[in-house]
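A.B. asks:
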Amino acid sequence: MKLSDFSIKRPKFTIVVMIILLLIGAVSFTQLPLQLMPNINPPVAAVATTYQGAGPEEVMDDVTVPIESELSSLSGLTNISSQSQENSSVIIMEFGYDMTIDEVESDITRALDGVDLPEQAGDPVFLEFDISMLPSIQMAVTSAGEDVVDYQDQVEDLISELENIEGVASITENGSVTEEVQVNLDIDALSEFGLSQNDIAGIIEANNVTIPNTTIIDEEEGQAISTRTVSNIDGVEELEALVITDLPDGESLAVSDVADVSIGEEDNNIITRLNQEDALSVDVMLSSDANASSVNNEFNDILDEKLAEDEFSNLRVETLYDEGEFIDIAINSVFTSLILGAVLAMAVLFAFLRNLKAPLIIGLAIPFSVITTFALLFFTDISINLMTLGGLALGIGLLIDNSVVVIENIYRHLSMGKSPRKAAGDGTKEVATAITAATLTTGAVFVPVVFVTGLVGQLFTPLAITVVFSLFASLFVALTVVPMIASRVLTAPKENLEKARSERPYMKLLGRLSRWTLRHRLIVLLVTALLLVIGIAGIYVKGLTLMPESDEGALTIEVEKEQGTIYSETLELVEDIEEELAGHDEVDIYLSNVGSQQMMSMTEEPHRAMITATLVSAGDRSITTNEFVDSIEDDIEALDESAEINVSPMSQTGMGSEPNTLTLNIADDNPDRLVESEETIITELEDDADIDSVSSSREDMVEEMQVAVDRQAARENGLQPAEIGSALYDASNGVLASTVETGGDYLSINVKYPAEFHESLENFEDIEIPNSEGEYIAISEVADFEEAEILPVINRNEGEQTSELLVSYSSSMSLDQAGSHVEDIIAGADFSDETSHSIGGDLEMLMDAMPQMLLALILGIIFIYLVMVAQFESFRHPFIVIIAMPLSIIGVMAALFITNSPLSVVAFVGIILLLGIVVNNSILLVDYTNQQKEKGMGTLEALELSVQHRFRPIVITALTTALGMLPLALGLGEGGDMIAPMGTVVIGGLVSSTIFTLFVIPVFYSYIDKETRNMHKKYVTPDGQVITQKEIDENKRKEEQQENPADEYDYREPDEDAPEIREYDEEPSREDYIEEMQKLIDKMKNDRSDK
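So, in C-alpha cells, the structure goes:
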C-alpha cells in the first residue's frame, strides 16, 4: 500500500504520528543550545614564555629558536610562527583541520620538557585556542562623581556574586587601581650608610615572616604541639620604625631614616575609560558547554537585581557587547524572515488556486516540517545558530515545494470531477516519484558539503545538514499529512477548472511558444549559449570574496604611538579621539583602553591604545558602519599624524577581516635584506592608484640604552654581569619585599627608587652593588651606558624573520582581483630574489576554500545525475535535466550585479543549493513527458502538453521558493546580511532557470529523443519535392490510421476526463461503485454521439 493511501485510509493513525513527532520536536527545541555561530575550533595552539630582563634578540636566540626547533617536528603541524619581544616569547602552531589540539597536546608537552632554556626564563606555558576564551559579555562600570579606587571594591564584590551563576566560567576586570606600600628610597642616605636597595628589601622580608617549626611532644599532657616562628610587621608605622642596623654612636638606623614610607597606587598597566570617564571594564567568559542566550539572559536579570540593591545602587553598568542579546536578535530576525517567507508563499498559492483551504493545508505543513527538523538536529547534536536557522530560512520555500506540487495536482484531479479521497490518492501518487526524486537531488547536492574541511567546512556543514533534514521532513509531510488533510477538507470545484484552464489564452500562448522553440531549436540554443557566456563573464567581473560585508554596528580604533611613549601622552591622544566620537549622534557608547596589549602579549604597551565604539541601532542611523568609518577616518587620523591610527568596522560574528584589505607576508632569513625588500614593495604599492594605503606590522627601530659590562673590570671588583643586570632591573621596577596588613587589606611592600630617580641616567650609573667582600661598587666602574637601536618585536614564520603588510585597496575591486593586482605590482618590483612573499588572511582562506567548494559542487552534480538515472531508468534523460543547472548562472550573475556584490563563500553555498533546486522543475517536465509518451503520445505533442500542464506547478513552486527566501535575501535584522547572499543567488538563479526550463529543456529533449532527433532533417522525394523527417512521420501515422480506423482513438490526445482503471485494496463502497459506473456510461454516450 502506498504511503499516501495509508495516510488517507488511516487518518487517526497519521494524526497520532504527527502529534508524537511534534512533541519530540518541541521538547528538542527547548533542549537545543542557542549559539551565534556553529562550534568553530581551529586547530591552533600557542606556547608563551617569559624571560625577564632580556631584549628581543636575546629572547629570540635563547628562547624562541630552541622551542621552535623542538616543536617543528610535531606530526600534523602545518605552520609555526613566533613573536619575540622584550621579556617574552609567543609561538603559534597551526595544525591540519583533520586533527584536534587534544590529540597533540601530550606531544607538545613532551617537546617542551626537552627544551634547554636559560635559568632566568620561565617555564613555557601551553595555551589552546578555544572559542569559549572570548568574552560573551563585555561591560564597563562607572560611578558618578567617584574615582575608580572609590568603587572598585564594590565591583569586586559584585563580580564575586555574579560568578556563582551556573554557566559562568570566569569574570575578569581591567582598569582597577591596586594600592601598595611604597618604600621610596633616599639615594643619598643609602650612600651615606653604605646600603643598597636589596639590603632594605632583605631586612624587611627577614622581619616579616611566619615559619612553621617542628612538632613538640608534651609527654605530661600526652599530645603533640605544632610550633612556628612569627614576626609580623603590623601597619605602615611599624614598617617605618623597623630597625635596619645599629650605628657606631649607639643610635638605631630605621627604615624611615633611609626611605619615605607611604601607601600609593601600583603602576597601572591599562587605563580604562567609558565615554570620557574613568571606568572598570568587565569581561564575562562562559563555560564551553553553556547556552549563551539563556545564561546571558539570567546573568543580566541577576545583575539588574543586584544594581537595585543599596549596596550597589551607585554603580552604572553599560554593556558594550552581549553575545546572548545578539544571538536573540539575530535568531528572531531569521525566524521573522522564515514566517514572512511562509506567508508570502501561502499568498502565492492562494492567488493561483483561488482556494483558501489549500494554503491553510500548506500552513499546517510548514510548522510540522520545521519542528520535525528540530528533533533531527537534537539527535545529531547540532545547535540552533545563525547557520542552521539560515538553512531553515533557505529551505522555507523548499519546505512547501513538495506540498505545493501535491496540492496543485490533487486540485487538478478534483477539477476532473473525482471524489476528494480519490483525487487525493491519485494526485499524490502521480507526482510522488517526481517529488521524491526532486528531494533526493536537492539533498544529494549538499552531501559533499559535509566533507569540506577547514573553517568553511565547520561553518557551513550545519547549514547543509539542516537543509537536508528539513527537505526530508517536508517530503514526509507532503506524502502523508497533506493528502490526508486534503481528502477531508478540499472539495471539487463547481466547474471543470482543468478543462476551462486548457482553453485560456495563456495556455494557447504556451503551446505556440513551445512549438516555435521546437521549430527553431538552433536559434534557441545559440541565444541560451550567448546568455550563459555573459553570465559566467559577469561573475568573473564581479570577482570573489571570503565573506559578505556585514553592518554590525561596532567599530574599533587602534592607536600606536612611537615606541617609548609614556601613558600620559597616549592618553592625551585618546582623549582627543573620544572628543571626536562624542560629536557624532551615530555613536552610542565607547570604551577606551590605554596600554592595551596585543593578543597573547605579556608586556606593557603604554604607546598603544584601543577604542571600541558601539553605534546606535541600524534603524536610528542613516548610514552603515562602513560608511560611518569612512566619514570619520580622515578626521581621526589627522589628530596626530605622527601616530599610526587604524579605524575599522568590528565583526561581532568574528568572520572575515576589515573590508577592502588583504595581508601580504614578506619573509627573509636576513633581517637587513628583509627591511630593504619591504621598503621597496611598500613604495611600489603606495605608488599604485588602486592601492589606498599600506601599513607594516614591522616596528620601527627604537632607541634604547644598553649597559655594556666590562667583564674584566667586573671580575676584578668581584661582580658578575648577571648581578649588574639584576640590580638595574630592580632599580627600574622595584623589589617586592613582603606584604603588610593595613585597614583589613594585605598590601605588597615595594622597595623602589622615587620617580625623580628615573629622570636622570647618572642616577643609574651611580647605583652601588655590594660584592662578596662587602664592598659597594658603582655600576659606572664596571659598565658603560651606550645608546643603540633595536627592533622592539621580531616576527618569525617557518624559521625566517617576517613582516606583515596590511594593504587597503580600492572598493572597485574584489578580494581575488586585489590579490592578483598586488601580485602584478610585486612582480614588477626590484628586490632581492632571496626575499619571499605570500598573501595571507582572508585571501588565503578563500583560495583554500574555493577548490573544496568546487569539488563539492562537482560531486553534487554527479550525485544528482545518479539519483535521476535511478529514477528515469535512463542514462540519457538525466542529462536533459542537468541542463537547468548552467541556465541558473544567468540569473545568479544578474542578482550579483543588482546587489553590487562579489561572489562570496556564502553565495557559493547558495549556488550549490540552487543546483539542487533548479533540476526539480526539469524533473517535473521530463517526468510528465515520459508519462504521456508511455500512453502512446508522440514526442512533440507530449513536450507541448508537458509545458502547458506543468507550467502552473513549476511557476507556483518557483514563486513560493523565491518569495519564501526573499526576506532572507533582504538581510533583515542583526546578522541577516551575513547570510543574505545565499538567498540572493538562489532567487536570481531560480528566476532565470524557471524561464529557460520551460522552453530550453524541451529543445534538448527533442535532440536526445529518437523520434524527434532528426525531425528537421530534409529529404528529396523521387518527384523532386523536399520533405522533412517530421512530415514523413506524420504521413506514416495517417496511413496507419486509414488502414486501421479502430485505432483512431489511440492517436488522439489523452482525454483527461476519461475514467481510469481503479484497483481497490478493499471492497469499494456502493457510492464509489455507482459514481464510477455513471462516469463510464456518460463517456460511452459521448463517444457514440461523436461517432
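For the sequence shown, UniProt numbering begins at 1 and goes up steadily by one. For each residue, glycine too, the CB sits at the ideal point set by N, CA and C. Remember, it's a predicted structure, so these values are computed and weren't measured experimentally.
Just to confirm my understanding: we take residue 1095, look at its own chain, exclude 5 residues before and 5 after, and list those with CB closer than 7 Å. What are they?
C.D. replies: Outside the modelled stretch of the chain, which goes from 1 to 1091, sits residue 1095, for which no answer is possible.
A.B. asks: Contact between the region 544 to 551 and the region 800 to 820: three or more CB pairs below 8 Å?
C.D. replies: Contact holds: three or more Cβ-Cβ distances are below 8 Å.
A.B. asks: Per DSSP, residue 1107 forms a beta bridge with which residues?
C.D. replies: The chain is shown only over 1 to 1091; residue 1107 falls outside these bounds and no answer can be derived.
A.B. asks: For residue 1094 and ILE200, what's the separation of their Cα atoms in angstroms?
C.D. replies: One cannot answer for residue 1094 here, as it falls past the ends of the chain, which runs 1 to 1091.
A.B. asks: Would you mind working out which of SER369, GLU549, SER642 and GLY964 sits nearest GLY25, comparing C-alpha positions?
C.D. replies: With distances taken between Cα atoms, GLY25 lies closest to SER369.
A.B. asks: What does DSSP give as the partner residues of THR428 in its beta bridges?
C.D. replies: In the DSSP output, where bridge partners are listed per residue, THR428 has none listed.
A.B. asks: Are at least three pairs of beta-carbons, each pair with one atom in the region 436 to 451 and one in the region 470 to 486, less than 8 Å apart?
C.D. replies: Because the criterion of three Cβ pairs below 8 Å is met, the region 436 to 451 and the region 470 to 486 touch.
A.B. asks: Taking C-alpha atoms, which residue in SER838, HIS758, LYS422 and ILE767 lies nearest to ILE681?
C.D. replies: Ranking the options by Cα distance to ILE681, first place goes to SER838.
A.B. asks: Any idea which residues DSSP pairs GLY264 with across the strands?
C.D. replies: Looking at the DSSP assignment, GLY264 forms a beta bridge with GLU180.
A.B. asks: My assumption, with CB atoms under 8 Å, is that GLU94 sits in contact with VAL44. Please give the rounded CB distance.
C.D. replies: Contact flag correct, Cβ pair sits at about 5 Å.
A.B. asks: Rounded to whole angstroms, what is the Cα-Cα separation between MET99 and GLN83?
C.D. replies: Cα to Cα, MET99 sits roughly 25 Å from GLN83.
A.B. asks: Three-state secondary structure (DSSP) at GLY840?
C.D. replies: The answer is strand: DSSP assigns GLY840 an E or B state.
A.B. asks: Whose CA, out of GLN52, ASP5 and ILE8, lies closest to the CA of SER726?
C.D. replies: Closest by alpha carbon: GLN52.
A.B. asks: How many angstroms separate the CA atom of LEU162 from the CA atom of LEU307?
C.D. replies: If you take the alpha carbons of LEU162 and LEU307, they lie about 12 Å apart.
A.B. asks: According to the neighbour-count rule (16 or more other Cβ atoms, all chains shown, within 10 Å of its Cβ), is ALA189 buried or exposed?
C.D. replies: Exposed, by the Cβ-count rule.
A.B. asks: Please report the residue range of the alpha helix (DSSP H) in which LYS752 lies.
C.D. replies: Unbroken run through LYS752 is the beta strand (DSSP E), 745 to 752; no alpha helix (DSSP H).
A.B. asks: Output the boundary residues of the alpha helix (DSSP H) element that contains VAL527.
C.D. replies: 521 to 542 is the extent of the alpha helix (DSSP H) around VAL527.
A.B. asks: Rounding to the nearest angstrom, what Cα-Cα distance links VAL527 and VAL906 in this structure?
C.D. replies: C-alpha separation (whole angstroms): 30 Å.
A.B. asks: Select from LEU968, VAL236, ILE1001 and ILE882 the residue whose C-alpha is nearest the C-alpha of LEU394.
C.D. replies: Residue LEU968 is the option with its Cα nearest to LEU394.
A.B. asks: Using a Cβ-Cβ cutoff of less than 8 Å, which residues in the same chain neighbour GLU265 once the five nearest sequence positions on both sides are dropped?
C.D. replies: VAL149, VAL177, THR178, GLU179 and GLU180, listed in sequence order.
A.B. asks: Who are the Cβ neighbours of PRO981 in its own chain at under 7 Å, not counting the five residues just before and after it?
C.D. replies: The answer, listed in chain order, is PRO548, SER901, SER904, VAL906, ALA907 and GLY910.
A.B. asks: Can you tell me where the alpha helix (DSSP H) holding ALA473 begins and where it ends?
C.D. replies: Its alpha helix (DSSP H) spans residues 454 to 476.
A.B. asks: Taking the alpha carbon of LYS357 as the reference point, which residue from ALA486, SER803 and PHE335 has its own alpha carbon closest?
C.D. replies: With distances taken between Cα atoms, LYS357 lies closest to ALA486.
A.B. asks: By alpha-carbon positions, which one of GLU605, ASP551 and LEU843 ends up nearest to TYR567?
C.D. replies: For the residues GLU605, ASP551 and LEU843, the minimum Cα distance to TYR567 belongs to GLU605.
A.B. asks: For the alpha helix (DSSP H) containing MET37, name the first residue and the last one.
C.D. replies: Taken as a continuous stretch (DSSP letters only), MET37 belongs to no alpha helix (DSSP H), as it is neither H nor E.
A.B. asks: What's the C-alpha gap between GLU558 and SER293?
C.D. replies: Approximately 30 Å between the Cα atoms of the pair.
A.B. asks: Identify the residues that DSSP records as bridge partners of ALA254: which are they?
C.D. replies: In DSSP, ALA254 forms a bridge with VAL243.
A.B. asks: To which residues does DSSP link GLU94 through a beta bridge?
C.D. replies: Bridge partners of GLU94: VAL44 and ASN79.
A.B. asks: Residues in its own chain within less than 7 Å of THR517 by CB, not counting five upstream and five downstream?
C.D. replies: These residues qualify, in order along the chain: VAL524, PHE999, PRO1002 and VAL1003.
A.B. asks: Around the C-beta of THR439, are 16 or more other C-beta atoms found within 10 angstroms, so that it is buried, or is it exposed?
C.D. replies: When all chains shown are included, THR439 counts as buried.
A.B. asks: Using DSSP with H/G/I as helix, E/B as strand and the rest coil, what is THR742?
C.D. replies: Three-state result, THR742: strand.
A.B. asks: Which partner residues of MET139 appear in the DSSP bridge assignment?
C.D. replies: BP columns for MET139 point to VAL282 and THR319.
A.B. asks: What three-state label does DSSP hand ARG698 in the structure shown?
C.D. replies: In the structure shown, ARG698 sits in coil (DSSP, three-state: anything other than H, G, I, E or B).
A.B. asks: Between which two residues does the alpha helix (DSSP H) carrying SER4 extend?
C.D. replies: Note, SER4: alpha helix (DSSP H), 3 to 9.
A.B. asks: Return the CA-CA distance between VAL16 and THR428, expressed in angstroms with no decimal places.
C.D. replies: Cα-Cα distance, rounded: 21 Å.
A.B. asks: Following the continuous beta strand (DSSP E) through GLU173, name the residue where it begins and the one where it ends.
C.D. replies: Looking at the DSSP string, the run of the beta strand (DSSP E) that includes GLU173 is 168 to 174.
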